[in-house]
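Q: One structure coming up, written as structure tokens, with questions to follow.
2 protein chains.
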Amino acid sequence: MSVRRYLALTGGVGGAKLGLGLAQRLGPGELAFLVNTGDDFEHLGLHVSPDLDTLMYTLSGLSNPETGWGRAGESWQFIESFTALGGEGWFNLGDRDLAIHVRRTQRLREGASLSVVTRELNAALGVTHPIFPMSDAPVPTRVLTADGPLMFQHYFVRERCAPAVTGFEFHGAAAARLVPAAADWLADPALAGIVLCPSNPYVSVDPVLAVPGVRAALAATRAPVVAVSPIVAGLAIKGPTAKMMAELGVPNTAVAVAAHYRELLDGFIVDDSDAHLAAEIEALGIATIAAPTVMVTLADRTRLADIAIRFIQDLESSR
Amino acid sequence: MSVRRYLALTGGVGGAKLGLGLAQRLGPGELAFLVNTGDDFEHLGLHVSPDLDTLMYTLSGLSNPETGWGRAGESWQFIESFTALGGEGWFNLGDRDLAIHVRRTQRLREGASLSVVTRELNAALGVTHPIFPMSDAPVPTRVLTADGPLMFQHYFVRERCAPAVTGFEFHGAAAARLVPAAADWLADPALAGIVLCPSNPYVSVDPVLAVPGVRAALAATRAPVVAVSPIVAGLAIKGPTAKMMAELGVPNTAVAVAAHYRELLDGFIVDDSDAHLAAEIEALGIATIAAPTVMVTLADRTRLADIAIRFIQDLESSR
Numbered sequence: 003m004s005v006r007r008y009l010a011l012t013g014g015v016g017g018a019k020l021g022l023g024l025a026q027r028l029g030p031g032e033l034a035f036l037v038n039t040g041d042d043f044e045h046l047g048l049h050v051s052p053d054l055d056t057l058m059y060t061l062s063g064l065s066n067p068e069t070g071w072g073r074a075g076e077s078w079q080f081i082e083s084f085t086a087l088g089g090e091g092w093f094n095l096g097d098r099d100l101a102i103h104v105r106r107t108q109r110l111r112e113g114a115s116l117s118v119v120t121r122e123l124n125a126a127l128g129v130t131h132p133i134f135p136m137s138d139a140p141v142p143t144r145v146l147t148a149d150g151p152l153m154f155q156h157y158f159v160r161e162r163c164a165p166a167v168t169g170f171e172f173h174g175a176a177a178a179r180l181v182p183a184a185a186d187w188l189a190d191p192a193l194a195g196i197v198l199c200p201s202n203p204y205v206s207v208d209p210v211l212a213v214p215g216v217r218a219a220l221a222a223t224r225a226p227v228v229a230v231s232p233i234v235a236g237l238a239i240k241g242p243t244a245k246m247m248a249e250l251g252v253p254n255t256a257v258a259v260a261a262h263y264r265e266l267l268d269g270f271i272v273d274d275s276d277a278h279l280a281a282e283i284e285a286l287g288i289a290t291i292a293a294p295t296v297m298v299t300l301a302d303r304t305r306l307a308d309i310a311i312r313f314i315q316d317l318e319s320s321r
Numbered sequence: 003m004s005v006r007r008y009l010a011l012t013g014g015v016g017g018a019k020l021g022l023g024l025a026q027r028l029g030p031g032e033l034a035f036l037v038n039t040g041d042d043f044e045h046l047g048l049h050v051s052p053d054l055d056t057l058m059y060t061l062s063g064l065s066n067p068e069t070g071w072g073r074a075g076e077s078w079q080f081i082e083s084f085t086a087l088g089g090e091g092w093f094n095l096g097d098r099d100l101a102i103h104v105r106r107t108q109r110l111r112e113g114a115s116l117s118v119v120t121r122e123l124n125a126a127l128g129v130t131h132p133i134f135p136m137s138d139a140p141v142p143t144r145v146l147t148a149d150g151p152l153m154f155q156h157y158f159v160r161e162r163c164a165p166a167v168t169g170f171e172f173h174g175a176a177a178a179r180l181v182p183a184a185a186d187w188l189a190d191p192a193l194a195g196i197v198l199c200p201s202n203p204y205v206s207v208d209p210v211l212a213v214p215g216v217r218a219a220l221a222a223t224r225a226p227v228v229a230v231s232p233i234v235a236g237l238a239i240k241g242p243t244a245k246m247m248a249e250l251g252v253p254n255t256a257v258a259v260a261a262h263y264r265e266l267l268d269g270f271i272v273d274d275s276d277a278h279l280a281a282e283i284e285a286l287g288i289a290t291i292a293a294p295t296v297m298v299t300l301a302d303r304t305r306l307a308d309i310a311i312r313f314i315q316d317l318e319s320s321r
């Protein structure tokens, strides 16, 4: 049988959990990642790519298992010294993590694209699955709030998601270009399935979908597109998804997430605790299954990956 | 009695030892430093000012007492991670030290001058004596060697001073401008003395003297100009001074150092072990005394500072 290829769209911590499960089951020729870079920002003169780094640290086994972000065995001498100098300390930069930002910034200044630098960094850390930033050009997410627009990291980290959101802007998205290797992967006849990881729909997945060509490619592909709900029993496992939905006047339910992606989805995976919502989502025309989606252990991650892969295969064979 | 002001010209480790001694004896209104920035360079996208930092760490009590450079209690997580990514590791950057470089670079990019940033950083670390970089504009030292020209840090750190030197260039010196606060200090009627610290004459003091106006100000001032020999019994206490002198065909003696500065000096301090050379230096028209110049303890530093200050006062009163 010829190779079957999968593409996972993901943001940071939540999505990377399933990403790790998928990477345990699918080899580097079978699985690639398309990653949100709307969170990227220039900080202290450094180009920081939080979601790319979270996925890289997760796949390389270097991630901090307690926080889900940053590196295991991290130390904080730099940021302590930096804030003692009067520097901004709201964005925590570990000493080891800093090496990534300095190296990325250095290579970008030398003229390398973000795709190339991402490949180099991942290769150096032993990550062999292709990881594509959604765009080589910056497409910074702006969170529109009752207090005015905020740069994503200002909203997310500095303001700890406190301001009520009213909307989002993906600045420069219209002029952005999907990185060619990702476009090739999407157009590959071997493409067997696409997984929208359980990331925040508004600020992790939508920025990727806002890059010209992505939404069209997902609509056009014969491969099933499956999403895993980031909302479980009305709560977000990680991050401000549920809070945002409430502020936007959207019910904070798995149904609303499915509806949000409606025209793109062939299948949807809700948590077992939301199994009673399956019929409502099926009514939207989306095949729905329930599964244990709360991932604590590595076994949880691979089990959910197995379920998502099997779901995709079932959707394909039932056509 | 009105205030008497002193100016110390210095490079890094060797000069900063005497600088600390002087700072123990003279208050912030009485003592300022004019510091070599010829060693400054852009590394990993960061503006690094080795001599300014060595003096700052020394005066603030944060310096590493074992190395004489860098910070006490330093850790190396950043540089270990950075080299693991394939990044350059020849210039060692400690995690705490990195905070200085990131902050300096950030402030320079914001448009602050090196003088202003130097003042801010020193203030943050509790250093109250004025510290003037020799120039706000870069005046990078190039070491001319048998193997071709080298940027100073490439010669000094990366190549460990191995190539034989044939000369030096202070790139951009002719167009540089002495920082105004230093020019004011030099022109102050209260100026009572100038000390050339026991730094390398070629690559620590000469770059400062190459900034337009410095040499003329030293020649014109009524205040005595005194140097402390960095060469003791034909050896350099620290760094490549003696090696350079040999390669340049200059005898590696305190006499040759005095001769190098001849037209600027009123007085010269040799080490006790070189007391027998005093007559030879006096013959150059430079008053000479012998003193214990090898500084190991803080007491050594303050004792030499006391001797230098008294020497200046003696030279002034003997006029």
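So the sequences go chain by chain: A and B. Quick note, the working numbering runs 2 ahead of the 1-based positions in the first sequence. Quick note, the working numbering runs 2 ahead of the 1-based positions in the second sequence. Ideal placement from N, C-alpha and C gives every residue a C-beta, glycine not left out. This structure is a prediction, so every number in the text was calculated from the model and none was measured.
Could you tell me which residues DSSP puts in a beta bridge with residue 204 of chain B?
A: If you number the second sequence from 1, residue 204 of chain B lands on position 202. The partner list for residue 204 of chain B (beta bridge, DSSP) is empty, contrary to what the question assumes.
Q: Does the CB of residue 219 of chain A have a neighbour CB from chain B at under 7 Å?
A: In the first sequence, counting from the first residue as 1, residue 219 of chain A sits at position 217. So no, residue 219 of chain A is outside the interface.
Q: Could you give the distance in angstroms between the alpha-carbon of residue 168 of chain A and the alpha-carbon of residue 109 of chain A?
A: The residue given as residue 168 of chain A occupies position 166 in the first sequence. The residue given as residue 109 of chain A occupies position 107 in the first sequence. Approximately 36 Å, taken between the alpha carbons.
Q: In the segment 221-266 of chain A, which residue ranges form an unbroken alpha helix (DSSP H) of at least 4 residues, counting only runs that do not cross its ends?
A: 243-249, 256-262
Q: Pull up the distance between the alpha-carbon of residue 208 of chain A and that of residue 29 of chain A, whole angstroms please.
A: Taking the first residue of the first sequence as position 1, residue 208 of chain A is located at position 206. Taking the first residue of the first sequence as position 1, residue 29 of chain A is located at position 27. Each residue's Cα considered, the two are about 27 Å apart.
Q: By Cβ distance, which residues of its chain are closer than 8 Å to residue 77 of chain A, with the 5 residues on each side in sequence left out?
A: Here residue 77 of chain A refers to the residue found at position 75 when the first sequence is read from its first residue. So the list reads 96, 97, 98, once near-sequence residues are dropped.
Q: Can you pull the DSSP bridge partners for residue 48 of chain B?
A: To locate residue 48 of chain B, count along the second sequence from 1; it is residue 46. Looking at the DSSP assignment, residue 48 of chain B forms a beta bridge with B:45.
Q: With which residues is residue 147 of chain B paired in a DSSP beta bridge?
A: In the second sequence, residue 147 of chain B corresponds to position 145, counting from 1. Residue 147 of chain B pairs with B:150, B:167.
Q: Write down every uninterrupted run of the alpha helix (DSSP H) in the segment 7-47 of chain A whose length is 4 residues or greater and which is fully enclosed by it, in chain order.
A: Counting whole runs of 4 or more residues, the segment 7-47 of chain A contains the alpha helix (DSSP H) stretches 15-27.
Q: Classify residue 212 of chain B as helix, strand or coil using the three-state DSSP reduction.
A: On the second sequence, position 210 is the one that residue 212 of chain B refers to. Looking at residue 212 of chain B - three-state DSSP - the assignment turns out to be coil, as it is neither helix nor strand.
Q: Are the C-beta of residue 79 of chain A and some C-beta of chain B separated by less than 7 Å?
A: Reading the first sequence from its first residue, position 77 is the one you call residue 79 of chain A. Closer than 7 Å: yes.
Q: Hey, residue 105 of chain A and residue 13 of chain B: beta-carbon distance below 7 Å or not?
A: Here residue 105 of chain A corresponds to residue number 103 of the first sequence, with the count starting at 1. Here residue 13 of chain B corresponds to residue number 11 of the second sequence, with the count starting at 1. The answer is no: Cβ separation not under 7 Å.
Q: State the DSSP-derived secondary structure class of residue 294 of chain B, mapped to helix, strand or coil.
A: For the purposes of this step, residue 294 of chain B is identified with residue 292 of the second sequence, where counting begins at 1. Note: residue 294 of chain B maps to coil in three-state DSSP.
Q: With DSSP as the reference, label residue 196 of chain A as helix, strand or coil.
A: Taking the first residue of the first sequence as position 1, residue 196 of chain A is located at position 194. Residue 196 of chain A falls in the strand class under three-state DSSP.
Q: Are the C-beta atoms of residue 84 of chain B and some chain A residue less than 7 Å apart?
A: As a working note, residue 84 of chain B is residue 82 in the second sequence. Closer than 7 Å to some Cβ of chain A, the Cβ of residue 84 of chain B qualifies, so yes.
Q: Rounded to whole angstroms, what is the Cα-Cα separation between residue 274 of chain B and residue 242 of chain B?
A: Here residue 274 of chain B is taken as the residue at index 272 of the second sequence, counted from 1. Here residue 242 of chain B is taken as the residue at index 240 of the second sequence, counted from 1. Each residue's alpha carbon lies about 21 Å from the other.
Q: Is there at least one Cβ from chain B nearer than 7 Å to residue 1 of chain A's Cβ?
A: What is shown of chain A runs 3 to 321, which leaves residue 1 of chain A out entirely.
Q: When burial is assigned at 16 or more other CB atoms within 10 Å of the CB, is residue 312 of chain B buried or exposed?
A: As a first step, residue 312 of chain B must be located in the second sequence, where it is residue number 310. Burial call: exposed.
Q: Would you say residue 244 of chain A and residue 237 of chain A are within 7 Å of each other, going by their C-beta atoms?
A: On the first sequence, residue 244 of chain A is found 242 positions in, with the first residue counted as 1. On the first sequence, residue 237 of chain A is found 235 positions in, with the first residue counted as 1. Their beta carbons are under 7 Å apart, which means residue 244 of chain A touches residue 237 of chain A by this criterion.
Q: Using a 10 Å radius around the Cβ and a threshold of 16 neighbouring Cβ atoms, would you call residue 223 of chain B buried or exposed?
A: Sequence index remark: in the second sequence, residue 223 of chain B carries index 221 (1-based). Its Cβ being crowded by 16 or more others within 10 Å, residue 223 of chain B is buried.
Q: Check whether the Cβ of residue 159 of chain A lies closer than 7 Å to any Cβ atom in chain B.
A: Walking along the first sequence from the start, residue 159 of chain A turns up at place 157. Cβ-Cβ to chain B under 7 Å: no for residue 159 of chain A.
Q: Taking 7 Å as the CB-CB cut-off, is residue 195 of chain B touching chain A?
A: The residue labelled residue 195 of chain B in the question sits at position 193 within the second sequence. For residue 195 of chain B, the answer is no, since every Cβ of chain A falls outside 7 Å of its Cβ.
Q: Please classify residue 129 of chain B: does DSSP put it in a helix, a strand, or coil?
A: Within the second sequence, the letter at position 127 stands for residue 129 of chain B. Residue state, collapsed to three classes: coil.
Q: Are residue 136 of chain B and residue 197 of chain B touching if we call contact CB-CB under 7 Å?
A: Here residue 136 of chain B refers to the residue found at position 134 when the second sequence is read from its first residue. Here residue 197 of chain B refers to the residue found at position 195 when the second sequence is read from its first residue. No, they are not a contact pair.
Q: What would DSSP say about residue 67 of chain A, mapped onto helix, strand or coil?
A: Here residue 67 of chain A refers to the residue found at position 65 when the first sequence is read from its first residue. Looking at residue 67 of chain A - three-state DSSP - the assignment turns out to be coil, as it is neither helix nor strand.
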